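Participant:
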Amino acid sequence: MTVTLNLKPEIEAGLVTQAQASGMTVEEYLLSVVEGVVLPATQKTLPEEERATAFEAWSASHRPTPPSLITPLAATVCMKAATTDAGSC
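The numbering of the sequence shown is our numbering, which starts it at 924 and goes up by one.
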């Protein structure tokens, strides 16, 4: 389905900003927003196997998230240091 929207310039600018921040095109970003609204309602009515298939398709349509630069151990050390010595991390 194709939908045409007449957006105010400030809305368009906000969409571009949000899409870029998410690493997506505006079209990809809008599709993900619409799916986020529509799919939860649909998933309640789908059988478990179909929900799993839909989730896998949705997951495959997104770019992988790069790993965090702070490892869990380093984060724990920094949190402990912050409680005892405020400038350690």
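No residue lacks a Cβ here, since even glycine has one placed at the ideal position from N, Cα and C. Note that this is a predicted model, so its numbers are computed, not measured.
What number of angstroms, rounded off, separates the C-alpha of S945 from the C-alpha of E935?
Facilitator: S945 and E935: Cα-Cα distance of roughly 15 Å.
Participant: Rounding to the nearest angstrom, what Cα-Cα distance links M924 and P989 in this structure?
Facilitator: If I take the Cα positions, the gap works out to 32 Å.
Participant: Does H985 have its Cβ less than 8 Å from a Cβ in chain D?
Facilitator: Included in the structure is just one protein chain, with no chain D present.
Participant: Could you give the DSSP three-state label for G946: helix, strand or coil?
Facilitator: In this structure, G946 counts as coil in the three-state DSSP scheme.
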